[in-house]
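Encoded as structure tokens, the structure appears first; notes follow it.
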């Protein structure tokens, strides 16, 4: 039983670390702000989830596990808010994303047509 | 032990607040808890699928991204439902909701396929079902 | 013990990569994004260090840091939304 738990938490910790590294690599390789947001969301969901899950398996059914669950829930609740605020602020500051396909027809929700030069 | 004391304390504070009539339905959407039991595992599975896709894109040497902006219509009725939908979009790697007004969300997707999947509206329907009858 | 050390090293290397982006980052928002990400990764590092040294008190600091991270990011964005850009050409880049 102990053995199985150890192997499982090895797997989760390694997967979490690997996803963190992938996200960091994406941070360096992506061409503009909006695409880097996607790399960060990989870190903040899968990397964080893998590492916290591995730690929970090591902690067992204790207060430490409860605190780890609270940390995971808080990150999952706050990460999209921060990401959305960043994307909106970048758009309002006039940084336009590099697009291959623009399906909005130049119309962005919440903006007047006239202000969209 | 500590957890039990904490739970008792927060329950007491909630009781006091409701007696002082400080509570409203929007800040404490506790009626959603029952449906959250199937919604959260579904969302986590979606995140895992999308996350592995984005990881493959990052790791492939040619970096095959095709960034797309798309407008999506949210069919939820309440503010809680629309915010849940926008947050679900942002939480899923590969799609970020950039701008939101009334029931129209502008989404930035990292690939064209991701944008088209979102435009099909599967996630929209699931979130609508999650919001359900208990809407404000 | 070994597995915590491996995960900690992975997270630290990621922090290095993200900091490199914060230094290189052409626009302001790249740097804010990098700061936010370093905050999230610092929480993970705190949790892992708590396990490596066998002192779970670090987790409480992690909970606090998660909340402060969000507030800090929003505050910085608010500030730059209100303020005039010092150099418009730089902000456009």
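Chains as they are written, first to last, in our numbering: chain A, 246 to 362; chain B, 112 to 247; chain C, 93 to 185.
Backbone N, C-alpha and C fix where the C-beta goes; we use that ideal spot for every residue, glycine too.
Residue-chain proximity (residue 238/B, chain A), Cβ-Cβ < 8 Å: The count along the second chain starts at 1 and reaches residue 238/B at position 127. Closer than 8 Å: no.
Over the uninterrupted beta strand (DSSP E) stretch that includes residue 210/B, give me the two end residues. Here residue 210/B is taken as the residue at index 99 of the second chain, counted from 1. Unbroken beta strand (DSSP E) run through residue 210/B: 206-212.
Which residues in chain A have a C-beta closer than 8 Å to the C-beta of residue 155/C? List them in chain order. As a working mapping, residue 155/C is identified with position 63 in the third chain. Going along chain A in sequence order, the residues near residue 155/C (Cβ under 8 Å) are 312, 315, 316 and 319.
Taking contact to mean at least 3 C-beta pairs separated by less than 8 Å, is the segment 248-262 of chain A in contact with the segment 98-106 of chain C? yes
From which residue to which residue does the beta strand (DSSP E) around residue 215/B run? In the second chain, the residue the question calls residue 215/B occupies position 104. Per DSSP, residue 215/B belongs to the beta strand (DSSP E) from 215-220.
Check this for me: beta carbons of residue 164/B and residue 184/B, under 8 Å apart or not? Along the second chain, one-based indexing puts residue 164/B at 53. Along the second chain, one-based indexing puts residue 184/B at 73. No, the Cβ-Cβ distance between residue 164/B and residue 184/B is not below 8 Å.
Confirm, please, whether the CB-CB distance from residue 316/A to residue 135/C is below 8 Å. Sequence index remark: in the third chain, residue 135/C carries index 43 (1-based). Sequence index remark: in the first chain, residue 316/A carries index 71 (1-based). Closer than 8 Å, so yes.
Beta-carbon spacing of residue 121/C, residue 335/A below 8 Å: As a position in the third chain, residue 121/C is number 29, starting the count at 1. As a position in the first chain, residue 335/A is number 90, starting the count at 1. Yes, the pair counts as a contact, with Cβ atoms nearer than the cut-off.
Residue 109/C and residue 269/A: beta carbons closer than 8 Å? By one-based count along the third chain, residue 109/C stands at place 17. By one-based count along the first chain, residue 269/A stands at place 24. The answer is yes: Cβ separation under 8 Å.
Using DSSP bridges, identify the partner residues of residue 183/B. For this step, residue 183/B is matched to residue 72 along the second chain. In DSSP, residue 183/B forms a bridge with 216/B.
Positions along the segment 109-122 of chain C whose CB lies within less than 7 Å of some CB in chain A: 109, 110, 112, 113, 119, 121 and 122
What does the Cβ neighbour count give for residue 358/A, buried or exposed, with the cut at 16 atoms within 10 Å? Walking along the first chain from the start, residue 358/A turns up at place 113. Because residue 358/A carries a pLDDT of 39, less than 50, the predicted location of this residue cannot be relied on, and the following value inherits that uncertainty. So residue 358/A ends up on the exposed side.
Starting from residue 264/A, find everything on chain B with Cβ-Cβ shorter than 8 Å and list it in chain order. In the first chain, residue 264/A corresponds to position 19, counting from 1. Here the neighbours are 162 and 166.
Is the segment 310-326 of chain A in contact with the segment 111-125 of chain C, if contact means three or more CB pairs nearer than 8 Å? no
Smallest Cα separation from residue 328/A: which of 187/B, 207/B and 182/B? Along the first chain, one-based indexing puts residue 328/A at 83. If we check each option's Cα against that of residue 328/A, 207/B comes out closest.
Give a yes or no on whether the C-beta atoms belonging to residue 289/A and residue 132/C are separated by under 8 Å. Taking the first chain and counting its residues from 1, one reaches residue 289/A at position 44. Taking the third chain and counting its residues from 1, one reaches residue 132/C at position 40. Against a cut-off of 8 Å, the Cβ pair of residue 132/C and residue 289/A comes out as a contact.
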